[in-house]
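Chemist:
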Amino acid sequence: GCQVPIGSYAELIDGEIWLRALVGAPDGSQIIRGERRGAPQNAEQMGISLAEELLNNGAREILAEVYNGDAPA
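Sequential numbering from 1 applies to the sequence shown in UniProt numbering.
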């Protein structure tokens, strides 16, 4: 849904992928950000790693609050 500010952006710079992402609390009180840089052939693993980092740094709690405790594992 559209209840949580979530975003990601990827650029190819000098042959590397630069991936940035964020998850924010609906009221804007907290924003969890992260980024990864690496080789294009590692893009999928970079995305997974970045998502796990965001979840471990507070995004899991934000999502659980919005979705009534049903946050990603």
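All residues carry an ideal CB built from backbone N, CA and C; glycine is no exception. In this text, all values refer to a predicted model and were calculated from it rather than measured experimentally.
Apply the 10 Å Cβ neighbour rule to residue 13 and answer buried if 16 or more other Cβ atoms are within range, or exposed otherwise.
Modeler: Start at 1 with the first residue of the sequence shown, and residue 13 comes out as number 13. Its Cβ having fewer than 16 others within 10 Å, residue 13 is exposed.
Chemist: Looking at residue 47 and residue 91, is the spacing between their C-beta atoms short of 8 angstroms?
Modeler: In the structure as shown, the chain begins at 1 and stops at 73. Residue 91 is therefore absent and cannot be evaluated.
Chemist: Please list the segments of the beta strand (DSSP E) lying wholly inside the UniProt domain "Porphobilinogen deaminase C-terminal" (1-56), counting only runs of 3 or more residues, in order along the chain.
Modeler: 6-13, 16-24, 31-38
Chemist: Using a Cβ-Cβ cutoff of less than 6 angstroms, which residues in the same chain neighbour residue 53 once the five nearest sequence positions on both sides are dropped?
Modeler: Within the sequence shown, the letter at position 53 stands for residue 53. Correct list, in chain order: 34.
Chemist: What separation, rounded to the nearest whole angstrom, lies between the Cα atoms of residue 40 and residue 49?
Modeler: By one-based count along the sequence shown, residue 40 stands at place 40. By one-based count along the sequence shown, residue 49 stands at place 49. When rounded, the distance between both Cα atoms is 14 angstroms.
Chemist: Assuming residue 6 and residue 43 make a contact with CB atoms under 8 angstroms, what is their CB distance in whole Å?
Modeler: Sequence index remark: in the sequence shown, residue 6 carries index 6 (1-based). Sequence index remark: in the sequence shown, residue 43 carries index 43 (1-based). The beta-carbon separation of residue 6 and residue 43, rounded to 19 angstroms, does not stay under the 8 angstroms limit for a contact.
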